[in-house]
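A short worksheet on the structure shown next.
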Amino acid sequence: MSNVCGGQGCVCSKDRYREPEAKIVARDPVCGKKLDCNSEGVRQLNWEGAVFYFCDTRCMTKFVQNPKKYVGKKGIWNFLKFW
558 MSNVCGGQGC VCSKDRYREP EAKIVARDPV CGKKLDCNSE GVRQLNWEGA VFYFCDTRCM
618 TKFVQNPKKY VGKKGIWNFL KFW
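When we follow the numbering used here, the leftmost residue of the sequence shown carries the number 558, and every step to the right adds one.
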């Protein structure tokens with residue numbers, strides 16, 4: 558028997574292949590930077606039932622001090638740009 562891909566004894570990369578983690582993209586509500594939420598160093602905060610992501614502690618601290626300034630009058634929909 559030959560060791561062609563899918564055959565018995567196959568040594569192709571399918572056994573070593575891992576699905577990449579899906580990117581969850583969000584925007585930091587303070588500075589506007591686009592973020593990959595799975596990246597190391599990205600901060601996360603739950604506020605009024607919504608999860609917000611921040612590029613660093615400085616932006617998260619600004620948000621905590623005055624969240625309504627960054628969420629706006631239209632609430633979460635303002636942040637998500639659905640209005």
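Built from N, CA and C at the ideal position, the CB exists for glycine as well.
Beta-carbon within less than 7 Å of residue i's beta-carbon, same chain only, minus the 5 sequence neighbours each way: which residues are those?
i: residue 627; result: 586, 587, 620
i: residue 615; result: none
If I measure Cβ to Cβ from residue i and keep anything under 6 Å in the same chain, skipping five residues before and after, which residues do I get?
i: residue 611; result: 585, 600, 617
i: residue 604; result: 624
Apart from the five residues on each side of it in sequence, which residues of its chain come closer than 8 Å, Cβ to Cβ, to residue i?
i: residue 559; result: Residue placement at residue 559 is flagged as unreliable, the pLDDT there being 49, under the threshold of 50; the coordinate-derived value follows with that caveat. Result list for residue 559: empty, nothing under 8 Å.
i: residue 533; result: With the chain covering 558 to 640 only, the question about residue 533 has no answer from this structure.
Closest to residue i by CA distance: which of the options is it?
i: residue 595; options: 613, 609, 582, 602; result: 582
i: residue 597; options: 607, 624, 622, 580; result: 580
In the DSSP assignment, what residue or residues form a beta bridge with residue i?
i: residue 601; result: 610
i: residue 585; result: BP columns for residue 585 are empty, so no partner.
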